[in-house]
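Residue numbers (numbering that gives the first Met the number 0), protein chains in the order written: chain A, 0 to 578; chain B, 0 to 96. We treat Cβ as the ideally placed atom computed from N, Cα and C, and that holds for glycine. Encoded as structure tokens, the structure appears first; notes follow it.
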Amino acid sequence: MDGPESKKLLLIGNPNVGKSALFTRITGVHALSSNYPGTTVGFLEGWLRRKDETWRVIDVPGAYTLMPTNEAEEVAERMVNEGADVAIIVLDATALERNLFLAFQVMERQIPAVIALNMMDEARHKGIDIDAEKLEELLHVPVVSTVAVSGEGISRLLDRLPEARPVQDTPLSKEEKWTAIGKIIEEVQKVHHRHHTFLDKLEDASVDSFWGLLIGVAVIAGSFTAIRFVGEGLIDIFLDPLFERFWRPLAMGASKLLGGGGTLHDILVGRLFDGTIDFEQSFGLLTTGLYVPVVMVMPYVLSFYAVLSFLEDFGYLPRLAVSFDALLHKMGLHGFAIVPALLGLGCNVPGILATRVLDSPRERFIAATLISVAIPCASLQAMIIGTVGALGVRWVAVVYITLFLSWVILGRLLHALMPGFSPELIVEIPPYRIPSFKAMAFKLWLRISGFILEAIPLVLGGIFLISLLDVTGLTDLLSRMLAPVFRGLLGLPTEAAAPIFLGILRKDVALGMLGTLGLSPTQLVVATVTLAMTFPCIATFIVLWKELGGKRLLASLAIMIAAALTAGMAVRLVLSHSL
Amino acid sequence: MTPPTSGGGKKLSLRDLANGEEGQITALPSSDGCAERLEALGLRAGKIVKKVSGMPFHGPVTLLLEGRQIAIGWRLSSAILVNPMKGRLLPHGRPGE
């Protein structure tokens, strides 16, 4: 689609101004998500067909300034410097002054611009009147009022793209810009008094020293309840019956066709229990290999990302950062490190990639190591709930409490032992907003399709390798080598060594194997904690390597193994004394 | 843009303000790498801010600047000096409490 006739259109604006909603409005559903070359900053690219023209639309990462203060802003600066046929500068009408600073920086680079004065509905609610015509007159570029979430003003905005012209002004110094902006604000903006709404009060309460923490705990507890409710519902009502009804006959047919045994049968269908397939325990490519990612894990991944996208778009995450800042500060991080940790609860890979928002290599090392040690991903959690949960909720609680304590204790240790300091939090807290369903659905689709593309091949590969190791007898050898550690330190049987070692490929699959060994509750909890905290899965391992480099990766792995064995032994001691 | 000397008189840091109290910014940290970021968020000398809250255990201070909340780490908030003002109106018209 990217022919010589296609023109380049940049969408530029501060974070949280509704740029993404505008992007989905003008490009529709066909968008590409990619990383800017040489960075991990992601951006979206889509296409707009209008009259005879095709536009390549690029959603530039949100930036407050083109004098970069972080990596996203560096990418924004580079994208703007590369130039474009037209830039749509998206301004938040409720914070016009600060938004105009970025607009000035873009316009002085001689890019033809059109201004979308977005969130005009919210500005009206807040008692802010902006004279868009006057603003257009003063800035010498088209200014169109929009409400991206509802689509208001979008077609008028696109109609005016041909009117975009570079502004022939000489660049201003920083002080001159603020002075010029001050004059513009005086002329175009009027503010009326208005009463506080419910959302305003909620905004203040969310950062209050008492209510904020209470709301934080309630949001986390509520989120987990919702994720479990939706995930279990999808499994019990929809996916499991679907698999049983349609896939079981086909898989059984394949089993018969392969003669009910032999190497190929073991690899494709796996072991039969009482002459039939057990989707959780057979461990064949066509049985457990599809059942684990599609039925047991995907529903939780889906419901997790639905809840996370809602919290993100509603504007809660920065407030959670405020609530967690004091704790994270003592772990060498600042409050915003809670966001990568939350993402890690979905999948460690995006969680570790998101540690890029942190400023120093020290913070990124601590945050990434903590995620891969103590943050269980949705796949692993689905299997914890499925396997350990079969013993009772309190055993699941033991696993979660152990992981949380490990997160805090290890964070404090790393902060105390590594030279350096905890950076300070500086974060804008956007107003609470009712999210756009369309933008949320779009983001959810990107995340779920990413999961499906990545997880299914890895699970299949993992199960294939497990079969190979089994067939060649390597599993036995490995188990015997690792047995002293597992038996002596953790009180686990020899057979538990192989699944924990195989956790390198997929921890969810490994936990599924542990579930088939007939362990006692204490043994299962110890094995689960050890498995969760030790070596990361292969995808996480690769991302850690890319993010930290070889030397720091080795340090991180050593920390993980030490932490996993320590936590496993601690749980064994505590449980055997309290039972 | 020179801050008026009337009002509270004594210069305080942002975190010394009471919740709901307003102050006019007189000085921001200059040597720190944070300075650019604070300015990009609209925090400049002469601006009037209202302290919304401070989190316990040396948690961040949340302030209101022109109708928008911004949270700032505890240590950094002590490097932002303000001139307390009582009973003044914010530029956006929200009455001071």
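Straight-line gap, residue i to residue j (C-alpha atoms, nearest Å)
i	j	result
Leu552 of chain A	Gly385 of chain A	31 angstroms
Gln280 of chain A	Gly514 of chain A	8 angstroms
Gln188 of chain A	Lys133 of chain A	10 angstroms
Gly460 of chain A	Leu257 of chain A	21 angstroms
Arg355 of chain A	Val291 of chain A	31 angstroms
Glu96 of chain A	Glu121 of chain A	16 angstroms
Leu501 of chain A	Ile370 of chain A	20 angstroms
Gly334 of chain A	Leu424 of chain A	6 angstroms
Arg159 of chain A	Phe100 of chain A	23 angstroms
Thr401 of chain A	Val573 of chain A	11 angstroms
Ala115 of chain A	Val190 of chain A	20 angstroms
Ile183 of chain A	Leu137 of chain A	7 angstroms
Pro28 of chain B	Ser76 of chain B	9 angstroms
Glu151 of chain A	Val89 of chain A	14 angstroms
Gly6 of chain B	Val206 of chain A	Its pLDDT being 46, under 50, Gly6 of chain B is placed unreliably by the model, and the measurement read from it follows with that caveat. Near 27 angstroms, if we compare the C-alpha coordinates of Val206 of chain A and Gly6 of chain B.
Val397 of chain A	Pro240 of chain A	31 angstroms
Tyr315 of chain A	Glu65 of chain B	20 angstroms
Leu8 of chain A	Arg55 of chain A	6 angstroms
Phe272 of chain A	Gly261 of chain A	15 angstroms
Leu409 of chain A	Phe403 of chain A	10 angstroms
Leu326 of chain A	Ile451 of chain A	35 angstroms
Ala538 of chain A	Ile560 of chain A	18 angstroms
Ala440 of chain A	Cys536 of chain A	28 angstroms
Thr224 of chain A	Trp210 of chain A	21 angstroms
Met295 of chain A	Trp444 of chain A	19 angstroms
Ile266 of chain A	Phe534 of chain A	25 angstroms
Gly549 of chain A	Leu556 of chain A	11 angstroms
Ser575 of chain A	Lys125 of chain A	60 angstroms
Thr1 of chain B	Gly181 of chain A	The predicted model places Thr1 of chain B with a pLDDT of 46, which falls under 50 and marks its position as unreliable, so this point remains unresolved.
Glu96 of chain B	Glu20 of chain B	At Glu96 of chain B the pLDDT is 38, less than 50, meaning the model places this residue with poor confidence; the figure from the coordinates comes in the next sentence. Going from the Cα of Glu96 of chain B to the Cα of Glu20 of chain B covers about 7 angstroms.
Asp312 of chain A	Pro248 of chain A	43 angstroms
Check: residue i C-beta below 7 angstroms from any heavy atom of the ligand PLP
i	result
Leu467 of chain A	As far as ligands go, the structure on display features none, and thus does not contain the ligand PLP.
CB contact flag (residue i, residue j, <8 angstroms)
i	j	result
Ile351 of chain A	Glu546 of chain A	yes
Ala92 of chain A	Ser435 of chain A	no
Gly61 of chain A	Gly12 of chain A	yes
Ile383 of chain A	Pro298 of chain A	no
Pro165 of chain A	Gln109 of chain A	yes
Ile57 of chain A	Glu70 of chain A	no
Ala336 of chain A	Ala366 of chain A	yes
Ala353 of chain A	Pro339 of chain A	yes
Phe103 of chain A	Lys50 of chain A	no
His414 of chain A	Gly331 of chain A	yes
Ala482 of chain A	Thr474 of chain A	no
Ser208 of chain A	Pro55 of chain B	yes
Gly17 of chain A	Val113 of chain A	no
Ile69 of chain B	Ala44 of chain B	no
Ala563 of chain A	Met532 of chain A	yes
Val142 of chain A	Glu135 of chain A	yes
Integer-rounded CB distance, given that residue j should sit under 8 angstroms from residue i
i	j	result
Val293 of chain A	Leu379 of chain A	Incorrect: roughly 16 angstroms between the Cβ atoms, too far for contact.
Asp79 of chain A	Ala163 of chain A	The sequence as given places Val at residue 79 of chain A; Asp does not occur at that position. No, Val79 of chain A and Ala163 of chain A are not in contact; Cβ-Cβ is about 15 angstroms, not under 8 angstroms.
Ile579 of chain A	Pro317 of chain A	Look at the range of chain A in this structure, 0 to 578, and you will see that residue 579 of chain A is not part of it.
Leu284 of chain A	Ile462 of chain A	6 angstroms
Asp203 of chain A	Val51 of chain B	6 angstroms
Gly490 of chain A	Val524 of chain A	That belief does not hold up - the Cβ atoms of Gly490 of chain A and Val524 of chain A are roughly 11 angstroms apart, past 8 angstroms.
Ala377 of chain A	Phe309 of chain A	Between Phe309 of chain A and Ala377 of chain A the Cβ distance is about 16 angstroms, and since that is not below 8 angstroms, they are no contact.
Val306 of chain A	Val542 of chain A	Between Val542 of chain A and Val306 of chain A the Cβ distance is about 23 angstroms, and since that is not below 8 angstroms, they are no contact.
Thr23 of chain A	Ala438 of chain A	5 angstroms
Residues that DSSP places opposite residue i in a beta bridge
i	result
Gly22 of chain B	B:Val48, B:Pro83
Ser109 of chain B	Only positions 0 to 96 of chain B appear in the structure, and residue 109 of chain B is not among them; the question remains open.
Lys7 of chain A	A:Arg55
Phe282 of chain A	A:Gly269
Val143 of chain A	A:Ala115
Thr61 of chain B	B:Ser52, B:Ala70
Asp507 of chain A	Answer by DSSP bridge pairing: none, since Asp507 of chain A is not bridged.
Asp84 of chain A	Beta-bridge pairing links Asp84 of chain A to no other residue.
Thr275 of chain A	A:Phe272
Leu90 of chain A	A:Leu116
Ser466 of chain A	DSSP, once it has assigned bridges, lists no residue as partnering Ser466 of chain A.
Gly45 of chain A	A:Ala30, A:Val56
Glu151 of chain A	A:Val146
Unbroken stretches of the alpha helix (DSSP H), 4 residues or longer, contained in the stretch 385-458 of chain A: 392-416
Every unbroken beta strand (DSSP E) inside the stretch 106-139 of chain A [3 residues or more]: 112-117, 127-129
Within the stretch 288-359 of chain A, ranges of the alpha helix (DSSP H) (whole runs, at least 4 residues): As for any alpha helix (DSSP H) of minimum length 4 sitting wholly inside the stretch 288-359 of chain A, the runs are 297-313, 316-328, 337-345, 347-353, ordered along the chain.
Completely contained beta strand (DSSP E) runs for the stretch 178-242 of chain A, where each covers 3 or more residues: 188-190
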